[in-house]
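Undergrad: Structure below; questions to follow.
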Amino acid sequence: MELLKKGVFVFSILLCVIVIFFMYTRPIGDGDTWWHMSYGKYLLENKTLIPDHTIYTWTKATNDIIYCAWLPEICFYKLYQWGGVNALYALRYIIPLLSLFLFVWAAIKTGVAFHPLSGLTGLVSLLIAGIGATLIKPEIISFLFMFITVFLWWFIRVEGKKYYKAVYLFPVIMLLWVNTHGAFIFGFPFLGLVLLGDIINSRFNPTEALEAEVRKHLLIAFILSGIALFITPYGWKYPVQLFQMTFQYDAVSGDFERISAYSATFGITNPTLYIIISLLVTLYAFIAVKKTKKYDFAIILTNLFYIALYLKFLRTTFFWAPVFAFNTLYMLADDALIAKIKRKAVVWVYIIIVVLISLDQVRWTVYNALFTPPREQWLGLGNGYINSMDETEFIKQNYSAYKIGNVYNNGGYMLWRLGPDVKIMIDPRYFPFKDMYREFLDFDSGKSIESFVKKYPFDVINLQYMNQVLITYFYESADWKLAYYGPSGPVFVKKEVPLPQNSIVRGSSLGNIKNLHSAAEACAFALSIRDWEGVQIIFTSMSRRFGLADQVEVVQKMGDYIKGVVAYYNRDYSNAIGIFENVSDTVFVDKYLLISMYYHKAVESWTGNIDRKALEYVNKALEKESDDLYGAYNYGIINYWIWKNTETEPGTGASLPGSIFNAGNSVFSPAPLSEMKTGDVNSIKNTKWYKALEFFMEKTEGVRSAAGARMIVQGVLKGTYTGKPPLIYPPEPAVIGDPFKKLSEK
Numbered sequence: 060m061e062l063l064k065k066g067v068f069v070f071s072i073l074l075c076v077i078v079i080f081f082m083y084t085r086p087i088g089d090g091d092t093w094w095h096m097s098y099g100k101y102l103l104e105n106k107t108l109i110p111d112h113t114i115y116t117w118t119k120a121t122n123d124i125i126y127c128a129w130l131p132e133i134c135f136y137k138l139y140q141w142g143g144v145n146a147l148y149a150l151r152y153i154i155p156l157l158s159l160f161l162f163v164w165a166a167i168k169t170g171v172a173f174h175p176l177s178g179l180t181g182l183v184s185l186l187i188a189g190i191g192a193t194l195i196k197p198e199i200i201s202f203l204f205m206f207i208t209v210f211l212w213w214f215i216r217v218e219g220k221k222y223y224k225a226v227y228l229f230p231v232i233m234l235l236w237v238n239t240h241g242a243f244i245f246g247f248p249f250l251g252l253v254l255l256g257d258i259i260n261s262r263f264n265p266t267e268a269l270e271a272e273v274r275k276h277l278l279i280a281f282i283l284s285g286i287a288l289f290i291t292p293y294g295w296k297y298p299v300q301l302f303q304m305t306f307q308y309d310a311v312s313g314d315f316e317r318i319s320a321y322s323a324t325f326g327i328t329n330p331t332l333y334i335i336i337s338l339l340v341t342l343y344a345f346i347a348v349k350k351t352k353k354y355d356f357a358i359i360l361t362n363l364f365y366i367a368l369y370l371k372f373l374r375t376t377f378f379w380a381p382v383f384a385f386n387t388l389y390m391l392a393d394d395a396l397i398a399k400i401k402r403k404a405v406v407w408v409y410i411i412i413v414v415l416i417s418l419d420q421v422r423w424t425v426y427n428a429l430f431t432p433p434r435e436q437w438l439g440l441g442n443g444y445i446n447s448m449d450e451t452e453f454i455k456q457n458y459s460a461y462k463i464g465n466v467y468n469n470g471g472y473m474l475w476r477l478g479p480d481v482k483i484m485i486d487p488r489y490f491p492f493k494d495m496y497r498e499f500l501d502f503d504s505g506k507s508i509e510s511f512v513k514k515y516p517f518d519v520i521n522l523q524y525m526n527q528v529l530i531t532y533f534y535e536s537a538d539w540k541l542a543y544y545g546p547s548g549p550v551f552v553k554k555e556v557p558l559p560q561n562s563i564v565r566g567s568s569l570g571n572i573k574n575l576h577s578a579a580e581a582c583a584f585a586l587s588i589r590d591w592e593g594v595q596i597i598f599t600s601m602s603r604r605f606g607l608a609d610q611v612e613v614v615q616k617m618g619d620y621i622k623g624v625v626a627y628y629n630r631d632y633s634n635a636i637g638i639f640e641n642v643s644d645t646v647f648v649d650k651y652l653l654i655s656m657y658y659h660k661a662v663e664s665w666t667g668n669i670d671r672k673a674l675e676y677v678n679k680a681l682e683k684e685s686d687d688l689y690g691a692y693n694y695g696i697i698n699y700w701i702w703k704n705t706e707t708e709p710g711t712g713a714s715l716p717g718s719i720f721n722a723g724n725s726v727f728s729p730a731p732l733s734e735m736k737t738g739d740v741n742s743i744k745n746t747k748w749y750k751a752l753e754f755f756m757e758k759t760e761g762v763r764s765a766a767g768a769r770m771i772v773q774g775v776l777k778g779t780y781t782g783k784p785p786l787i788y789p790p791e792p793a794v795i796g797d798p799f800k801k802l803s804e805k
């Protein structure tokens, strides 16, 4: 049986190594890596430890907020100078492997290495750490410092007076940490909690308390650690400002609503599962030591604090990993439950359950890495598509002399590659742009594009495929034109800015996109601009590269979507609508094409006197775009016509979600037709159709192209229009035939 337990432990460590490989073998997936290295370069070149936040952008940036991370920034930059990105990858592997080594050593030292739960504890700790500590930026160093801090406490707790001087490593760690990353603000409380817990132990559970002399040195180390927090290039101002910002987080929480690192932990499957497993193991450990009464208040307090922190944000989950790991090891050393198990069959069942749970977690990790990697990433190394590397190179070669606009995510790499000589608009630092960040969010979401562009004018803008609202605006604008599109997104320039070789440039790496989601987005964009050759290049690559499990379904639906778009351009709307609706849950579809087709089908039904069917199509269009003017007019006209002929307002479409022209909660009793004929419309103003037409008139005032439709609406509202009014619809596309056949013939 002992041999079996040893085998399980070795197997668990092997699983941990597998998890490290699959979790950490991914490209640079965050722009923070690049701007941190830019800071490191600046600090070395200018022989200072205080960066200037304002030199990288042409928008107004400030130095008001302190960001103290000079130590890793210089280290990252020197590593990059020495070994390129491979040196950064090596660092990313070393940190979890070192953490695993410390855990294994502690398990052996405590005598619980062969406990069935030890391996699972180590595995889940690594999985928890992998949620927020896999990116190459100061956060990963924070994880290392937290792991070492908790390990040292465990070591002191186990060894007692023998190695009491180890407590003086805490101030050293805090000194390094405060100059590394703001997460020290969550690491420092650990020292206070274990000190408080041990003081409580000395009163209520003396057998678990440290010796008085060791506690005295721990108190001194805690005080020195607190002093160390003020030893930065900014002195006392940095920790004070950081504590103030932490406790005033609600005031700026709206700025972070679209940043995944600040999302709630329970909103994502894997972190939820990890906390459940870790809590179950922790609960078992507490039950297991009940008989020995090994209740350490330091363990209780740290568990409660870091579980709460885990649940707060995704980016604070990794703090729980070492706390869970070493607190569990400490308690498992006195597991009274497993000692009671005499029957081998029960032990076998126990071990099998633990192994199956471990295998299931590894299975999910491997599956996610292979088939559903994070957005713009893949299993392998490189620069993730979120950094817009190809697009930035295109701008550097062709538009360095122009004023560059960009979005939040790609700004980090652009800052590194172009700055500080070529300035950009914004980047993932956030803190220098705090004053204009809300304006940028409104621009990014499409709420105030024109006013933003007017206030912050630029000549070139580098977008990403996730910025669909912005892409639609710039592509349709008469003031802008497409210059380039690559694996990450398109680049637009103002109409007076010349194109390279007087033509749109298609990215050379579009046929080698390594992330399925990114490839599908690029393919959909190529479809939207009718670059059939680009579509063929991207889709052929997708078909060859992504042939595993769920990937096949995405590729197949992308192929169907291509057929649907071709059907649209050949005016086969019924076929195209069916395809669009079938694939929309898997791949991105152009909702504006779909809306256009709904209107064309509505007109077809309307002219065939199938009025209710026409209304169904219009309602579908309005569900996609509630304030669409074609929809407002058509919705109003159809409902008016049905009302006029039945003296009742149809129920269809009565609860359109988010429709601007819904009639509210008022109940309308339709007026007699005679009132319509005399032009008395006061009694019909609460109908939905009236509000829809009123909305249309308001939004089209002064629009010359809407003059004909406005005349019809005026006649309807005055009761002077006779006959069945026509519907309006977007221009129909020119019939193209089979574009891919033409390519093959060419």
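Anchor point for the sequence shown: position 714 equals 773 in the working numbering, and the numbering is continuous, going up by one each time.
Every residue, glycine too, gets a C-beta built ideally from N, C-alpha and C.
Does the distance from the CB of Asn693 to the CB of Val677 come in under 7 Å?
TA: The answer is yes: Cβ separation under 7 Å.
Undergrad: Taking only three categories from DSSP, how would you classify Asn574?
TA: Three-state result, Asn574: coil.
Undergrad: Taking Cβ positions, are Ile483 and Val519 nearer each other than 7 Å?
TA: Contact: no.
Undergrad: Give the DSSP bridge partners of Phe755, in chain order.
TA: Partner(s): none; Phe755 has no beta bridge.
Undergrad: What is the C-beta distance between Trp94 and Asp486, in whole angstroms, given that I count them as a contact (C-beta under 8 Å)?
TA: Indeed, because the Cβ distance is near 6 Å, the residues count as touching under 8 Å.
Undergrad: From Pro784 to Ile696, what does the alpha carbon distance come to, in whole angstroms?
TA: Their Cα atoms are separated by approximately 7 Å.
Undergrad: Does the contact criterion of 3 or more C-beta pairs under 8 Å hold for the stretch 146-156 versus the stretch 335-350?
TA: No contact exists between the stretch 146-156 and the stretch 335-350.
Undergrad: Which same chain residues end up closer than 8 Å to Thr341 when comparing Cβ atoms and leaving out the 5 residues on each side of it in sequence?
TA: These residues qualify, in order along the chain: Asn362, Phe383, Asn386, Thr387.
Undergrad: Please report the residue range of the beta strand (DSSP E) in which Gly295 lies.
TA: Reading the sequence as shown, one finds Trp at residue 295 and not Gly. Taken as a continuous stretch (DSSP letters only), Trp295 belongs to no beta strand (DSSP E), as it is neither H nor E.
Undergrad: Roughly how many whole angstroms lie between the Cα atoms of Asn668 and Leu752?
TA: C-alpha separation (whole angstroms): 21 Å.
Undergrad: Secondary structure at Tyr472, three-state DSSP: helix, strand or coil?
TA: Looking at Tyr472 - three-state DSSP - the assignment turns out to be helix.
Undergrad: Between Asn264, Val217, Phe598, His240, which lies nearest to Val25 when the distance is taken from Cα to Cα?
TA: Here the chain covers residues 60 to 805 and nothing more, so residue 25 does not appear.
Undergrad: Could you compute how far the alpha carbon of Trp882 sits from the alpha carbon of Pro197?
TA: Given a span of 60 to 805 for the chain in the structure shown, any question on residue 882 remains unanswerable.
Undergrad: Only counting the same chain, and skipping five residues up and downstream in sequence, which positions put a Cβ closer than 7 Å to that of Gly767?
TA: Excluding positions up to five away in sequence, the list is empty.
Undergrad: Pull up the CB-CB distance for Ser71 and Pro381, whole angstroms please, since I reckon it's below 8 Å.
TA: Going by Cβ atoms, the distance from Ser71 to Pro381 rounds to 17 Å, so no, they are not a contact pair.
Undergrad: Based on Cα-Cα distance, which residue from Leu607, Leu522, Ser764, Gly618 lies nearest to Ile597?
TA: Among Leu607, Leu522, Ser764, Gly618, the Cα nearest to that of Ile597 is on Gly618.
Undergrad: Could you have a look at Pro549 and say whether DSSP puts it in helix, strand or coil?
TA: In the structure shown, Pro549 sits in a strand (DSSP, three-state: E or B).
Undergrad: Please state if the CB of Asn574 and the CB of Glu435 are separated by a distance shorter than 7 Å.
TA: Yes.
Undergrad: Could you give the residue range of the beta strand (DSSP E) that holds Tyr543?
TA: Segment 539-544, the beta strand (DSSP E) holding Tyr543.
Undergrad: Going straight from the alpha carbon of Lys553 to that of Met495, what length do you get?
TA: One C-alpha to the other measures close to 23 Å.
Undergrad: Mind checking whether Tyr126 and Phe453 have CB atoms under 7 Å apart?
TA: Going by C-beta atoms, Tyr126 is not nearer than 7 Å to Phe453.
Undergrad: State the Cα-Cα distance for the pair Ala579 and Lys168, rounded to the nearest angstrom.
TA: If you take the alpha carbons of Ala579 and Lys168, they lie about 51 Å apart.
Undergrad: Any chance the stretch 492-510 sits against the stretch 141-150, with 3 or more Cβ pairs inside 8 Å?
TA: With a cut-off of 8 Å, the stretch 141-150 and the stretch 492-510 do not count as touching, because too few Cβ pairs lie within range.
Undergrad: Can you look up Val519 in the DSSP assignment and give me helix, strand or coil?
TA: Val519 falls in the strand class under three-state DSSP.
Undergrad: Looking at the strands, I want to know which residues DSSP matches up with Thr116.
TA: Thr116 is bridged to Ile483.
Undergrad: Please name the residue, chosen from Gln523, Lys622, Tyr658, Phe243, that lies closest to Asn641 on a Cα-to-Cα basis.
TA: Cα-wise, what sits closest to Asn641 is Lys622.
Undergrad: Report the option in Tyr788, Gly241, Val78, Val69 whose CA atom is closest to the CA atom of Tyr426.
TA: The shortest Cα separation from Tyr426 among Tyr788, Gly241, Val78, Val69 belongs to Val78.
Undergrad: Who are the Cβ neighbours of Pro131 in its own chain at under 6 Å, not counting the five residues just before and after it?
TA: Pro197, Ile200, Thr239.
Undergrad: At what residues does the beta strand (DSSP E) containing Ile259 begin and finish?
TA: From DSSP, Ile259 is part of no beta strand (DSSP E) but of the alpha helix (DSSP H) over 243-263.
Undergrad: Quick one: what's got a C-beta closer than 7 Å to Leu74's C-beta in the same chain, skipping five residues either side?
TA: Result list for Leu74: Leu182, Ser417, Val421, in chain order.
Undergrad: Leu288: buried (16+ other C-beta within 10 angstroms of its C-beta) or exposed?
TA: With 16 or more Cβ atoms within 10 Å of its Cβ, Leu288 is classed as buried.
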